[in-house]
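One structure is given below, encoded as structure tokens.
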Amino acid sequence: MKLRSRFVKKSLGRFARTMLLLMPISLRYSFYRKFVKVPSKIDTSVRFKIAETKDELEQAFHLLYKAYVSVGLQQENESQLRVTPYHALPSTTILIGVKEDRVVATLSLIADSAFGLPSDWAADLSDIRKRSKRVAEVSALAIAKEYRGRLLWPLLKYMYEYCTRYFGADILIAALTTPSRAHELYESVLAFEKVEEQATEDYAFSNYIPVVVEHLDLNKAVDKFAKLYAHKKNRKNLYSYFREFVDTRFVFPKREYYHLDDPVMTPELVDYFFNQATDCFQNLTVEQQVKLYSLLPTAEYRQLLPGTKFVTPIFAKDKRMRRFNVKCRGQLSVSQDQTLEMTVIDVSIGGFRAIVKGLEMGSQVYHSRIQVGDFEVIEVKCQKVWGFENEVYGFKLQWPRDHKWEKLVAHLEQDLDRPQEKVQKSA
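Have a look at this one:
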């Protein structure tokens, strides 16, 4: 009788899925949303945080490996870890859910950089980049089997809060497999939209399982969620869950300044995960090594690349100053009567890059006020040295520089060069 009952359930399940796929897409998406429910019970023993230690990172990579192998997204390997070169970037953050000392959920946020994004191999992201200050890709999502029904929404909520409050991302990208219908759930429930209509099968990152690339504009996400869910009650109200509910299990980084990156990989960890435990770095092309070399903070990191002796001469004469990703509000005084609002998006010892609306052509010296931390405002004189698309401008600081500016850059440099010191301070 049990076998017969199981057979009937499977048959009914297949029939229901077939009927669902025959529905018009708008009706099918509405049907998906009806089944959305946020957890009714909170497991207070689970915390959500940034992966910081070797053990946390290794557990996250192993959990990801098991999840990906089980659905065909990953070939089996000896290390039983899924590690990608994007995880070596200082601008990548690995988020985890931890129960006691066990990692039971993880996802990675990969900020756009000269190295690009995984989805660049599956779609043209140029239009997305033109209308974004900071694009990031949501990748490497995995949840332990016994927790999938309970931790998906808290993990996504933690990601949303981290993205909007700390990471500075305004557009999220995701490459979603089409055979699993994952893209339909992201579109119907999370309001993602396709970057390109056509799915691609030539995508090694998914082990050649067809994917479609989707995006979500976080500046519009609140309005979209309000329209879809604000009228719903209790557990079906995702708008209230993401915007109003306070989850005390979330652990966020402590920051003195408004910088965006939370690097945790020391040279020792990079060597272990990318050279010893896996052959990730060995599989990089020369072009990828050149790009990664330019983004790694110091020689201690760069020497871990197998092609360092060939890549180093390319940068030997590179005198560009190191830049650090930030998100700071500020004002630019263009005359006695006019002040323009600006958003500073990166800084260096010699200047900064900012988005300024309404700035006219010219190279005069401006006075600027920049809020670099909760209780820190820096005033500097600067000169516009170049303009870019999307109202992005580069500014060079005038001498003498404010000592506060030098303190800011020194702090950011220390965080990037010695990430474990930052981890210990925030613990």
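Sequential numbering from 0 applies to the sequence shown in numbering that gives the first Met the number 0.
Glycine included, C-beta positions come from ideal geometry on N, C-alpha and C.
All of these numbers come straight from a predicted model, not from anything done at the bench.
In this chain, the alpha helix (DSSP H) harbouring I127 covers S125 to K129. Residue environment: V364 is assigned as exposed (fewer than 16 neighbouring CB atoms within 10 Å of its CB, all protein chains considered). Spanning the alpha carbons of F47 and P38 requires a straight line of approximately 15 angstroms.
Contact between the segment 179-186 and the segment 119-135 is absent: fewer than three C-beta pairs spanning the two stretches fall below 8 angstroms. Of A66, G115, A135 and V333, the smallest CA-CA separation from G357 is found for V333. V250 sits exposed, since fewer than 16 C-beta atoms from the chains shown fall within 10 Å of its C-beta. For N324, the uninterrupted beta strand (DSSP E) segment begins and ends at F323 to S332. Put simply, the segment 63-75 touches the segment 134-142. At least three CB pairs are less than 8 angstroms apart.
For S239, the enclosing alpha helix (DSSP H) has its first and last residue at L237 to R242. A straight-line Cα-Cα distance of about 56 angstroms links R149 and P399. Of the residues assessed, L26 falls on the exposed side of the cut-off, its CB having fewer than 16 other CB atoms within 10 angstroms. Counting other Cβ atoms within 10 Å of its Cβ, T342 reaches 16 or more and is therefore classed as buried.
Within the DSSP bridge table, the entry for E340 names Q330 as partners. Membership of V68 in any beta strand (DSSP E) is not indicated; the residue belongs instead to the alpha helix (DSSP H) covering K53 to S69.
Ranking L407, V355 and E378 by CA distance to the CA of G393 puts V355 first.
The beta carbons of P266 and E299 sit closer together than 8 angstroms. Only residues of its own chain outside the window of five on either side were considered, and among them E200 and D201 have a CB closer than 8 angstroms to the CB of Y207, listed in chain order. Apart from sequence neighbours up to five positions away, the residues of its chain that approach V211 with a beta-carbon distance below 7 angstroms are L175, T177, H182, K193 and A198, ordered along the chain. For L227, the secondary structure class from DSSP, reduced to helix, strand or coil, is helix.
Taking C-beta atoms as the reference points, Q413 and Q397 fail to come closer than 8 angstroms.
Separation of M264 and E213 (C-alpha to C-alpha, rounded to the nearest whole angstrom) is 29 angstroms.
Going by DSSP, V103 is part of no alpha helix (DSSP H) but of the beta strand (DSSP E) stretching over R101 to A110. Annotation: S112 to N76 spans about 29 angstroms, alpha carbon to alpha carbon. Annotation: Q413 is outside any beta strand (DSSP E); the continuous alpha helix (DSSP H) that includes it extends over H402 to D416.
V97 has R46 and V102 as its beta-bridge partners, per DSSP. Excluding its 5 nearest sequence neighbours in each direction, V97 has C-beta neighbours in its own chain below 6 angstroms: R46, listed in chain order. The continuous beta strand (DSSP E) containing L171 extends over residues I170 to T176. In terms of Cα proximity to Q74, the closest of A203, Q370 and K395 is A203. Of the candidates R352, Q281, L155 and N218, the residue whose Cα lies closest to the Cα of V188 is L155. Closest option to Q287, judged by alpha-carbon separation, among R301, L56 and K395: R301. Counting C-beta atoms within 10 angstroms of its own C-beta, I369 has 16 or more neighbours from the protein chains shown and is therefore classed as buried. Comparing alpha carbon positions, the residue from R322, R81 and A122 closest to E196 is A122.
Contact between G167 and K326 holds, with the beta-carbon distance rounding to 4 angstroms and staying under 8 angstroms. With fewer than 16 other Cβ atoms inside 10 Å of its own Cβ, V384 counts as exposed.
When the Cα atoms are used, K395 and R352 turn out to be separated by approximately 9 angstroms. Beta-bridge pairing by DSSP links W152 to no other residue.
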